[in-house]
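Notes to accompany the following structure.
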Amino acid sequence: MPELEQRLQDVYDEVTSRNRGDDVFHQAVLEVLESLGPVLERHPEYVDAGVVRRLVEPERQVVFRVPWVDDDGRVRVNRGFRVEFSSTLGPYKGGLRFHPSVDVATVKFLGFEQVLKNALTGLSIGGGKGGSDFDPKGRSDAEVMRFCQSFMTELYRHVGEHTDVPAGDQGVSTREIGYLFGQYKRITNRFEAGVLTGKGPAWGGSRIRTEATGYGLAFFVRDVLEAHDSSLDGKRVVVSGSGNVAIHAIEKVHQLGGTVVACSDSSGFVVDEDGIDLELLKQVKLERRGRIAEYAEQRDRAAMGSGSIWEVPCDVALPCATQNELDDKGAASLVENGCTVVAEGANMPTTPEAVDVLREAGVTFVPGKAANAGGVATSALEMQQNASRESWTADDVERRLETVMRDIHTACVTTAEEYGAPGDYALGANIAGFTRVADAMLAQGVV
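To convert, note that position 265 of the sequence shown is 265 in this note's numbering; the numbers rise steadily by one, no gaps.
This is how it looks when you write it as structure tokens:
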């Protein structure tokens, strides 16, 4: 085995040894390491400075108890997490996820992805992630408030506008951010608007933040198609999920000329050949927090599908639900039905085996660290507004978001070409993000 390849293998072996059982974290690290050979050959100074070995080890990991009292007076105890992965480019930046599946491995994988994703935006933000195994579904507003207050009673010690700036993620919307911010303000006696992003526009939040991840995904897909002398006009699109990212991806895809014919939730998927009725979907999922079957019941030509959503014929597929949802079987179905582009709206929703199937078939695959960076980019824009005590219009923010996504697309394309892999968005994203972090690490010394 060549020396450089052996060094990368040694780093991966060290990651798996130190993080036993953290399979999703191992997967995220391996996917990046497999891309880095060409850049390390060209820049041996990265190897000499141990940049890769430092990059895969979080700067800090915090795990804490979150006790709270439910509406029946019973004491509940959850576990809270914050992994501050890298502050090389700026304060730690990344969302909080409230979901029963959250554990250390999940938060580490998300935090690692966040480092390179944030670097791709070109904005001054590091990478981190956090959350809890608390499930807000089915809980009253009062229960969610008490949980958030207890969570922030510990987390406040570790965050700040120049230190670590959390945001929302799965299970954490403006409601949860409001309760967290209120408790932070109460404990610290400071209205430090920049400590959290995803706030309501009336109290320091940015317009378009809720829509940003989905909008950014659609902008990126448009740019991918334009790079292949095509467009979204008339394209059939399938979007998995029906949460915040999926809904706003559907909205912007429709505005850009595409037609989303299927979406899903954990109970199944719906097919609507006329195109998803966005207003009805928002009523069902955002206002009533109902199941996707309710959409099918209220929409004449829509029907619940059988099998997998990836069996629905489409030109473009946007997995926007959760990690590892698109496997090799699903990828094979997409290929068979003529799909040409798969872009990740969720974090690592495509298994390595599925990525191999797509690549072998010549399907353009775009990883989440590039395609779904619009959310964190707009969070950084919210931080800018907070720092200057400004509030930009929705049009201003959307224009800036569109520019950031186009710049990320350009960086992925030009980097892939520079390193001899034209059209490989994963390699382009990994190397472009890595070099920005690595150069800053060299400048700052071994810290």
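Note that beta-carbon positions come from the ideal geometry of N, C-alpha and C, so glycine has one too.
- Distances from the alpha-carbon of Asp277 to those of Ala354, Gly268 and Gln255 put Gln255 closest.
- Between Arg289 and Asp272, the C-beta spacing is not below 8 Å.
- By the neighbour-count criterion, in which 16 or more other beta carbons inside 10 Å mark a residue as buried, Glu382 falls on the buried side.
- Within the same chain, and ignoring the five residues on either side of Ile177 in sequence, the residues whose Cβ sits closer than 7 Å to its Cβ are Gly168, Leu196, Gly198 and Lys199.
- Under the criterion of beta carbons closer than 8 Å, Pro319 and Ser240 qualify as touching, at roughly 5 Å.
- In the DSSP assignment, Glu84 falls within the beta strand (DSSP E) that extends over Val75 to Ser86.
- Sequence-distant partners of Gly194 (beyond 5 residues in either direction) whose C-beta falls short of 7 Å from its own C-beta, in its chain, are Glu161, Val165, Met383, Asn386 and Ala387.
- Within the segment 312-382, the runs of beta strand (DSSP E) at least 3 residues long that lie entirely inside it are, in chain order, 316-319, 341-343 and 364-366.
- For Gln9, the closest C-alpha among the options Glu34, Thr88 and Ala293 is that of Glu34.
- CA-CA distance, Ser306 to His158, rounds to 46 Å.
- Pro136 places its beta carbon less than 8 Å from that of Phe98.
- In the three-state reduction of the DSSP assignment, Pro44 falls in the helix class.
- The Cβ atoms of Asn118 and Leu89 lie closer than 8 Å to each other.
- Under DSSP, Lys129 shares a beta bridge with Val83.
- Per the DSSP secondary-structure output, Arg236 pairs in a beta bridge with Thr259.
- Look at Gly290 here: in three-state DSSP terms it is coil, with no helix or strand label.
- Around the CB of Glu251, 16 or more other CB atoms lie within 10 Å, so the residue is classed as buried.
- Contact check for Asn78 against Phe134 passes: the beta carbons are separated by less than 8 Å.
- Counted as a single uninterrupted DSSP element, the stretch harbouring Tyr92 is not any alpha helix (DSSP H) but the beta strand (DSSP E) occupying residues Tyr92 to Phe98.
- Cβ-Cβ separation between Leu123 and Ala432: approximately 14 Å, too far for a contact (criterion under 8 Å).
- Sequence-distant Cβ neighbours of Ala426 in its own chain, meaning closer than 7 Å and more than five residues away, are Ser35, Phe365 and Pro367.
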